[in-house]
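A short write-up of the structure that comes next.
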């Protein structure tokens, strides 16, 4: 097929020229229809349909425009700047005096505009390639520099907010002083030493009890009444870090393919390590849709999940970004619900935390207790903290972020092995907030004690790292968080660590005091007052332990596990053992990441429910209610009426009508040529010492 100009090929029917490259007329018509429905470019819809792959598409565009298409044997110059060169879609080529001087890869949304402006490129000394080939080329050329950026972006920009430097002189001095005073008191006045220690711990314990019980009083939330139509949804980046996860690759891909979101607006990054051959082979064995991309992290230290996340974030195209783990099975509508909630929320709501639930509940006694713990944490405590605008220690998965905010605060701390909890606290310190997302992600829990101890030791080590990081400048933290925020941090972070460390000691002391009667025969007014305080704390502690668990089980529709709640003291004793193992690791190997094996589950709670009726019940649903509208909160979510199931709501009539309308492409798309010219300026690759080739 011949055209008198490129405008004919890239005009209203901008990709009709692809007919001569083997794409059927039906595929083009269907892509155009989907493009209007999803509010994307026809090229994006065509790629999502699978009618043509990215390399064939860009090769066809290059041939039609008379430009060279480069896909192998390319050597780029030493003055490219990562990630700006990928954002701009242009890098300088290593000069050879003959060929092109620049390699360009306009994003798929801008490909039609790029073709319409072909005259600018005819004698510009450029060659064309695909965005993914350009990414691989840049990452292969500058692996050490990119690895450094992924590991040290936060630490280089704000050292006080990263654990890379570990304890500072102020903290070491305070620790030494406390150790000296404690040693002196233990020798001279052991009873007074124990009393002082118990009093200090009691203050933290009281804060923890207050916050946990207050969270129990907060009602669940429901999403905005109207769910967005396809054409209203933004691009959504999904990051899944994988390390030795070949066993769960099929399950993971099934879960991600089940997400109810327009494929052309999905940007899924599967991040693997360069030496993880088994996971790479498992992924190659699958047929990945075009909206999936495998990102290979260059070698570097520390070998942690947040380092992989930081790398993928540099490549993210989405307005919003979510993190999933390899074993996660999110509810299909979770992205759509998160997009609606973030759009309705003020800008200070930077993150939504979905509810995590244990899927293999019935694998062992340990998984049952784990499920009780998760029900209390993700269905009661975390939603309560978010409702009170207190800092929320994020869970390691199903965190939905505004991508721009995540980049602004330098994302995750690669040197912290619980990067999630650290990020939740850093968001609060920098003026942002976390809101609850009433949608569930099911995940696999370790069923064997050895694996559970290794995982929990890493978690508790990471929480200690968070405490160290955010107490380097305590007055600054207090000013940023305020009194209520500091109370929340004391209750959730310091309270969790202290309780885990000394739970067996206080449990034994409390039981002995109750059984031998010494608690009730104290001498003098002061002694009886302390006895009364001790008894009150013991009862309040038991209530703060059991009440969130029982409420969470009710909301999770797992009340059949309620009898196992009586064993939670045993479970917390195991947590104490893991915490002391974490202390040892903190000293000996602070950055070691204890890998948890997945794909070993024998049972599935989600599958059990599907086989007995509707899909999994929303985590925060109640048994009865009146259905009246509630005021919209600052976080964009409203109070849930008890009979509602938030994850099964359908769009209203207006939303259904809007989804059927054909809407034009958004006027706000950025001009590729303007982006490209900005890339040629010094900002993109004029002076980039951190990306100079290292000998």
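Residue numbers (full-length UniProt numbering): 1 to 695. Backbone N, C-alpha and C define an ideal beta-carbon position, used for all residues, glycine too. If you're wondering where the values come from, they're calculated on a predicted model, not measured in any experiment.
Within the segment 388-417, the complete beta strand (DSSP E) segments at least 3 residues long are 399-402, listed from N- to C-terminus. Following the DSSP letters along the chain, one finds residue 437 inside the beta strand (DSSP E) bounded by residues 433-443. A Cβ-Cβ distance of about 6 Å is found for the pair residue 594 and residue 455, placing them in contact under the 8 Å criterion. In this chain, the alpha helix (DSSP H) harbouring residue 281 covers 277-284.
Two segments are said to touch when three or more pairs of C-beta atoms, one from each, lie closer than 8 Å; by this definition the segment 401-416 touches the segment 145-159. Where residue 353 is concerned, the enclosing beta strand (DSSP E) starts and stops at 349-358. The three-state reading of DSSP puts residue 320 in strand, counting E and B together.
For residue 333, there is no enclosing beta strand (DSSP E), since its DSSP letter is neither H nor E. Contact between the segment 349-357 and the segment 367-376 is established, with three or more Cβ pairs separated by less than 8 Å.
The alpha carbon of residue 460 has as its nearest neighbour, out of 582, 101, 247 and 269, the alpha carbon of 582. Counting only runs of 3+ residues, the beta strand (DSSP E) found wholly inside the segment 207-242 occupies 236-241, in chain order.
Of 252, 62 and 121, the smallest CA-CA separation from residue 288 is found for 252.
Annotation: residue 478 to residue 392 spans about 16 Å, alpha carbon to alpha carbon.
Under the three-state reduction of DSSP, residue 554 is assigned to helix.
Beyond the five residues adjoining it in sequence on each side, residue 360 comes within less than 8 Å, by CB distance, of 367, 444, 445, 447, 601, 602, 603, 604 and 605 in the same chain, given in chain order. In this structure, residue 311 lies near residue 146, with their beta-carbon atoms less than 8 Å apart. Each residue's CA atom was taken as its position, placing residue 424 and residue 213 some 21 Å apart.
Under a 10 Å Cβ-count criterion, residue 41 is classified as buried, with 16 or more other Cβ atoms of the shown protein chains found around its own Cβ.
Residue state for residue 102 is assigned as strand, using DSSP reduced to three classes. Straight-line spacing of the CA atoms in residue 134 and residue 86 works out to 7 Å. As DSSP reads the structure, residue 292 sits in a beta bridge with 268. Ranked by Cα distance from residue 33, the first of 291, 230 and 528 is 230. Around residue 335, the same chain offers 236, 259 and 261 as residues with beta carbons nearer than 6 Å, after the five sequence neighbours per side are excluded. Counting along the chain, the unbroken beta strand (DSSP E) around residue 128 starts and ends at 126-128.
About 12 Å separates the CB atoms of residue 439 and residue 328; that is not less than 8 Å, and the two are not in contact.
Judged by DSSP in its simplified three-state form, residue 179 adopts helix. In this structure residue 330 is in contact with residue 255, their Cβ atoms being roughly 7 Å apart against a cut-off of 8 Å.
Ranking 297, 569, 489 and 482 by CA distance to the CA of residue 394 puts 489 first. Scanning 560, 503, 22 and 571 for the CA closest to the CA of residue 538 turns up 503.
For the segment 30-101, the continuous alpha helix (DSSP H) assignments of 4+ residues that do not extend past its boundaries occur at 42-49, 54-65 and 84-88, in sequence order. In summary, residue 200 is exposed, with fewer than 16 beta-carbon neighbours lying within 10 Å of its beta-carbon over all protein chains present.
The Cβ atoms of residue 100 and residue 76 do not sit closer than 8 Å to each other. In terms of Cα proximity to residue 484, the closest of 281, 257, 342 and 385 is 385. Going by C-alpha positions, residue 319 is about 19 Å away from residue 35. Judged by beta-carbon spacing, residue 550 lies within the 8 Å limit of residue 565, meaning their Cβ atoms are closer than that value.
Separation of the CB atoms of residue 267 and residue 317 is rounded to 5 Å, and the pair is thereby assigned contact status at 8 Å.
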